[in-house]
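First the structure, in the form of structure tokens, and then the observations on it.
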Amino acid sequence: MSKLIQLFNDIHLLIEKYEQIRKEKGDNYNLFQVINMTSDETRVHSAMIADLLNPEGLHQMGDIFLKLFIRKLEELFKLELNLDYGDAKIVCEKYIGLKTKDKEGKDIGGRIDIYISDITNHIAIENKIYATDQENQLLRYHNYLESIAGENKLLLYLSLYGEINDLEKTTGNNQIKEGEDFFTISYSEFILNWLEECRTKAIDKPLIREGITHYRNLIKILTHQMENEKNDLIKLIKDNPKYICLLPKYKDAIKEVEISLYTDFWTKLENAIQNQGYPIVKESFDGYKYALDKNYLRKYYESNNCKYQSVEFVVEGFDEYRLMYSVQVDWRTYYGALIRDNSNKIIPLKDAYEIENPKLKTIISRIDEMIQNSQNEYHSSSSWLFWKHTKPCINFRDLNDGNSASHLSDMNKTIERITKDIIDDIGVIRKYKSNK
1190 MSKLIQLFND IHLLIEKYEQ IRKEKGDNYN LFQVINMTSD ETRVHSAMIA DLLNPEGLHQ
1250 MGDIFLKLFI RKLEELFKLE LNLDYGDAKI VCEKYIGLKT KDKEGKDIGG RIDIYISDIT
1310 NHIAIENKIY ATDQENQLLR YHNYLESIAG ENKLLLYLSL YGEINDLEKT TGNNQIKEGE
1370 DFFTISYSEF ILNWLEECRT KAIDKPLIRE GITHYRNLIK ILTHQMENEK NDLIKLIKDN
1430 PKYICLLPKY KDAIKEVEIS LYTDFWTKLE NAIQNQGYPI VKESFDGYKY ALDKNYLRKY
1490 YESNNCKYQS VEFVVEGFDE YRLMYSVQVD WRTYYGALIR DNSNKIIPLK DAYEIENPKL
1550 KTIISRIDEM IQNSQNEYHS SSSWLFWKHT KPCINFRDLN DGNSASHLSD MNKTIERITK
1610 DIIDDIGVIR KYKSNK
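Here this note's numbering is used: the sequence shown runs in plain steps of one and ends on residue 1625.
So this is what it looks like as structure tokens:
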């Protein structure tokens, strides 16, 4: 045990050393972290990438960054895209219609994060940092590309490490195949290497170069690529045989700490919610993985496919329906409202609008108003009346995301803030009671 403690102490000293170096050099200053927008896919990542790709972007450097991007795609996937750079258009959040099915029963609609096109070429990019995959999302974009005329069509899924969060969900149970109908690219390699090339091209444009540098450093932070610190940590362990022998215990200890923090989070949150007078549903069933169910607790860390664990409670009943509030985790924590019937089946949003219950209609109307007034915070989906990320948000699969580790180190304050936000939401959606 003393050797393991010494290893932790040595690692801590090394991290403190680099923290001091970053402080002295000013490397801790990152504009995206300052404004707390490190993982906002739409307003930060898609917007930044789309503007760099845009020949008419604010960088005013023409199509130079776009050419670098297309060349890297051609090299990676052995393609000849033949994009007409003089006619190239870049659209961020391209709207392709309502999410529905066409006359042939195909899933269509949505918003494509980044869209590159000329007259005959079309490249659609789905951009994921930590957000969950939507139902049939890649399938819908694939169907859109198939429905339009064009010489070359390419569907890309961009994520931190080139991994798909929920393959079956986004592809409609594998109706389209990776490597055939769509391809994956990563921030950790593809985007980071592209940004390095862009930065080189902007060497004589100080503001543009530094803007790209800030964004490049953000990607390095998100993908754990702060080279010097990582390399010294590796050297510290490799150069000490006694530490190499401790690696299994070290890894196991870290895992157990993470599982314990995960358990403490849900336990404290459950107690806080119940203290507000809302009993938690403590039995798992089809479509509900109770977060403190012993069958799921450890599996969250043992399998990336074990996700969507949650705690739910009834806000109000409406005949055979119940308005539920759910706190759930995929990679990051989020919460919101949904409707279940008395058999625990989730009622899809489109069907919820058809329920003939005046009180429920009033609540749904208030939720629609919440979403319209704060579209960057509140969202809806096929199953959720609304959802949003928790305040503060915890990424249990990557404690380096934002201030996740810091929030867990101050657990009581974090639970207090999340609980208050939940109660505030409920106060808004139940406001009709006070108007009687």
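C-beta: ideal position from N, C-alpha, C; glycine also.
Item to check | Euclidean distance between Cα positions of ASN1584 and LEU1411 | outcome: Reading the sequence shown from its first residue, position 395 is the one you call residue 1584. Reading the sequence shown from its first residue, position 222 is the one you call residue 1411. When rounded, the distance between both Cα atoms is 12 Å.
Item to check | Beta-carbon proximity list for LYS1288, same chain, < 6 Å, skipping 5 on both sides | outcome: The residue given as residue 1288 occupies position 99 in the sequence shown. Cβ within range, chain order: GLY1298 and GLY1299.
Next on the checklist: To the nearest angstrom, how far is the alpha carbon of LEU1422 from that of VAL1233?
Outcome noted: Here residue 1422 corresponds to residue number 233 of the sequence shown, with the count starting at 1. Here residue 1233 corresponds to residue number 44 of the sequence shown, with the count starting at 1. CA-CA distance, LEU1422 to VAL1233, rounds to 31 Å.
Checklist entry - So the alpha helix (DSSP H) PHE1254 belongs to, where does it begin and stop? => result Locating residue 1254 in the sequence shown gives position 65, counting from the first residue. Residue range 1253-1266 is occupied by the alpha helix (DSSP H) that includes PHE1254.
Next on the checklist: Can you look up ASN1576 in the DSSP assignment and give me helix, strand or coil?
Outcome noted: The sequence position of residue 1576 within the sequence shown is 387, counting from 1. It should be pointed out that residue 1576 corresponds to Trp in this sequence rather than to Asn. TRP1576: strand per DSSP, three-state reduction.
Item to check | Where the alpha helix (DSSP H) through GLY1368 begins and ends | outcome: As a position in the sequence shown, residue 1368 is number 179, starting the count at 1. Here GLY1368 belongs to no alpha helix (DSSP H), and DSSP marks it neither H nor E.
Checklist entry - If you draw a straight line from the C-alpha of ILE1238 to the C-alpha of GLY1506, how long is it? => result Counting from one through the sequence shown, the residue named residue 1238 turns up at place 49. Counting from one through the sequence shown, the residue named residue 1506 turns up at place 317. Between the alpha carbons of ILE1238 and GLY1506 lies a gap of roughly 46 Å.
Item to check | Inter-residue CB distance, ILE1560 and PHE1575 (contact presumed, cutoff 8 Å) | outcome: Here residue 1560 corresponds to residue number 371 of the sequence shown, with the count starting at 1. Here residue 1575 corresponds to residue number 386 of the sequence shown, with the count starting at 1. The distance from the Cβ of ILE1560 to that of PHE1575 is about 6 Å, consistent with a contact at the 8 Å cut-off.
Item to check | Interface flag, ARG1606 vs chain D, CB-CB below 9 Å | outcome: Looking at the structure shown, chain D is missing, and only one protein chain is on hand.
Next on the checklist: Which same chain residues end up closer than 8 Å to LEU1270 when comparing Cβ atoms and leaving out the 5 residues on each side of it in sequence?
Outcome noted: Within the sequence shown, numbered from 1, the residue matching residue 1270 stands at position 81. Taken in chain order, the residues that qualify are ILE1259, LEU1262, GLU1263, ASN1310, ILE1312, ASN1341 and LEU1343.
Next on the checklist: Looking at the secondary structure, which residues open and close the alpha helix (DSSP H) in which GLU1486 lies?
Outcome noted: Within the sequence shown, numbered from 1, the residue matching residue 1486 stands at position 297. At residue 1486 the sequence reads Leu, which differs from the Glu that was named. For LEU1486, there is no enclosing alpha helix (DSSP H), as DSSP marks it with neither H nor E.
Next on the checklist: So the candidates are LYS1550, VAL1516 and TRP1520; which of them puts its Cα closest to the Cα of ASP1614?
Outcome noted: Residue mapping note: residue 1614 aligns to position 425 of the sequence shown, counting from 1. Closest option to ASP1614, Cα to Cα, is VAL1516.
Item to check | Segment limits, alpha helix (DSSP H) that includes ILE1337 | outcome: Walking along the sequence shown from the start, residue 1337 turns up at place 148. Per DSSP, ILE1337 lies in no alpha helix (DSSP H) segment and is marked neither H nor E.
Checklist entry - On the three-pair Cβ rule with 8 Å, is the segment 1423-1442 touching the segment 1460-1468? => result Because the criterion of three Cβ pairs below 8 Å is not met, the segment 1423-1442 and the segment 1460-1468 do not touch.
Item to check | Cutoff 6 Å; reference ASN1243; Cβ partners in own chain excluding five residues on either side | outcome: Position 54 of the sequence shown, counting from 1, holds the residue named residue 1243. Setting aside the 5 residues that flank it on each side, ASN1243 is surrounded in the same chain by ILE1279, each with a C-beta closer than 6 Å to its C-beta; the list follows chain order.
Checklist entry - What residue ranges within the segment 1452-1532 form continuous alpha helix (DSSP H) runs of no fewer than 4 residues, ordered along the chain? => result Runs of the alpha helix (DSSP H) inside the segment 1452-1532: 1488-1491.
Checklist entry - For GLU1289, which beta-bridge partners are listed by DSSP? => result One-based indexing of the sequence shown puts residue 1289 at position 100. As written in the sequence, residue 1289 is Thr, which differs from the Glu given in the question. Partner residues in the beta bridge of THR1289, as assigned by DSSP, are ILE1297.
Checklist entry - Looking at the structure shown, is ASP1393 part of a helix, part of a strand, or coil, going by DSSP? => result One-based indexing of the sequence shown puts residue 1393 at position 204. Coil at ASP1393, not helix or strand.
Next on the checklist: Buried or exposed, going by whether 16 or more other CB atoms sit within 10 Å of the CB of GLU1315?
Outcome noted: Residue mapping note: residue 1315 aligns to position 126 of the sequence shown, counting from 1. Taking all protein chains in view, the Cβ of GLU1315 is crowded by 16 or more other Cβ atoms within 10 Å, so the residue is classified as buried.
Item to check | Exposure of GLN1498, with buried meaning 16 or more beta-carbon neighbours within 10 Å | outcome: Taking the first residue of the sequence shown as position 1, residue 1498 is located at position 309. Burial of GLN1498 is indicated by the presence of at least 16 other C-beta atoms within 10 angstroms of its C-beta.
Checklist entry - Below 9 Å between beta carbons: does that hold for ILE1556 and SER1569? => result Locating residue 1556 in the sequence shown gives position 367, counting from the first residue. Locating residue 1569 in the sequence shown gives position 380, counting from the first residue. Contact: yes.
Next on the checklist: Within 10 Å of its beta-carbon, does ILE1443 have 16 or more other beta-carbons around it, so buried, or fewer, so exposed?
Outcome noted: Position 254 of the sequence shown holds residue 1443. Counting Cβ neighbours within 10 Å, ILE1443 comes out exposed, since fewer than 16 surround it.
Next on the checklist: Counting C-beta neighbours from all protein chains within 10 Å, is the total for TYR1284 16 or more, i.e. buried, or is it exposed?
Outcome noted: For this step, residue 1284 is matched to residue 95 along the sequence shown. Under this definition TYR1284 is an exposed residue.
Checklist entry - Would the beta-carbon of TYR1489 fall within 9 Å of that of ASN1546? => result Within the sequence shown, residue 1489 is the residue found at index 300, counting from 1. Within the sequence shown, residue 1546 is the residue found at index 357, counting from 1. With contacts defined by Cβ atoms closer than 9 Å, TYR1489 and ASN1546 do not form a contacting pair.
Item to check | C-alpha gap between MET1600 and CYS1582, whole angstroms | outcome: Numbered from its first residue, the sequence shown carries residue 1600 at position 411. Numbered from its first residue, the sequence shown carries residue 1582 at position 393. In a straight line, the C-alpha of MET1600 is about 12 Å away from that of CYS1582.
Checklist entry - Is it the case that the Cβ atoms of THR1537 and PHE1502 are separated by a distance below 9 Å? => result Here the question's residue 1537 lines up with position 348 in the sequence shown. Here the question's residue 1502 lines up with position 313 in the sequence shown. This sequence places Pro at residue 1537; Thr is not what is there. Contact: no.
Checklist entry - DSSP puts HIS1234 in a beta bridge; with which residues? => result To locate residue 1234, count along the sequence shown from 1; it is residue 45. Answer by DSSP bridge pairing: none, since HIS1234 is not bridged.
Item to check | Where CYS1627 falls: helix, strand or coil (DSSP) | outcome: Given a span of 1190 to 1625 for the chain in the structure shown, any question on residue 1627 remains unanswerable.
Item to check | Cβ separation of LEU1425 and ILE1408, assumed to be a contact under 8 Å, to the nearest whole Å | outcome: Position 236 of the sequence shown, counted from the start, is the residue given in the question as residue 1425. Position 219 of the sequence shown, counted from the start, is the residue given in the question as residue 1408. In this structure, LEU1425 and ILE1408 do not form a Cβ contact; the two beta carbons are roughly 25 Å apart against a cut-off of 8 Å.
Next on the checklist: Starting from ILE1552, trace the beta strand (DSSP E) in both directions and tell me its first and last residue.
Outcome noted: Taking the sequence shown and counting its residues from 1, the one referred to as residue 1552 is at position 363. If you look at ILE1552, you'll find it isn't in any beta strand (DSSP E); it sits in the alpha helix (DSSP H) that goes 1547-1562.
Item to check | Beta carbon of THR1522 nearer than 9 Å to that of LEU1481 | outcome: Counting from one through the sequence shown, the residue named residue 1522 turns up at place 333. Counting from one through the sequence shown, the residue named residue 1481 turns up at place 292. Not in contact: THR1522 and LEU1481 (Cβ atoms no closer than 9 Å).
Next on the checklist: Buried or exposed for ALA1391, going by 16 or more other Cβ atoms inside 10 Å?
Outcome noted: Within the sequence shown, residue 1391 is the residue found at index 202, counting from 1. Around the beta-carbon of ALA1391, 16 or more other beta-carbon atoms lie within 10 Å, marking it buried.
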